[in-house]
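Novice:
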Amino acid sequence: MAGINDKAVGAALLGIGSFVFAYYSIWTLVIPFVDEDHPARSLFPPQWYAIAVPVFLLAAGITALFGFLSLVMLKSSKKSAKKST
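Position one of the sequence shown corresponds to residue 130 (my numbering), numbered consecutively onward.
1. Do three or more CB pairs link the stretch 166-176 to the stretch 191-205 at distances below 8 Å?
2. Helix, strand or coil for P174, going by three-state DSSP, please let me know.
3. Going by beta carbon distance, what residues of the same chain come within less than 8 Å of I160, once the five residues before and after it are set aside?
4. Looking at A179 and W156, is the spacing between their C-beta atoms short of 9 Å?
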């Protein structure tokens with residue numbers, strides 16, 4: 130029975146991912162060429178956010194990754210120091 134639930138979750142994640150990809154692609158590739166007074170412009174935030182948000186997420190992800198790696202290395206060195214004494 131868990132297989133049906135997993136398929137539903139997978140389908141939902143695929144749908145959300147596809148929507149986000151399409152929205153971001155239109156926002157960055159099409160909207161810059163649309164007139165400023167066109168009603169479609171009201172559906173998207175300013176272009177500055179198209180660069181700022183991914184850069185912030187990338188920086189936060191890299192910081193979290195290296196923070197996690199440093200914690201693992203510190204714990205590993207403490208275990209090996211205890212073992213050798």
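By construction, the Cβ of each residue, glycine as well, lies at the ideal position given by its N, Cα and C atoms.
Specialist: The short version:
1. Inter-segment contact for the stretch 166-176 and the stretch 191-205 is absent: fewer than three beta-carbon pairs are separated by less than 8 Å.
2. P174: coil per DSSP, three-state reduction.
3. Once the five neighbours on either side are set aside, the close Cβ partners of I160 are A169, R170, F173, Q176.
4. In this structure, A179 lies closer than 9 Å to W156 by Cβ.
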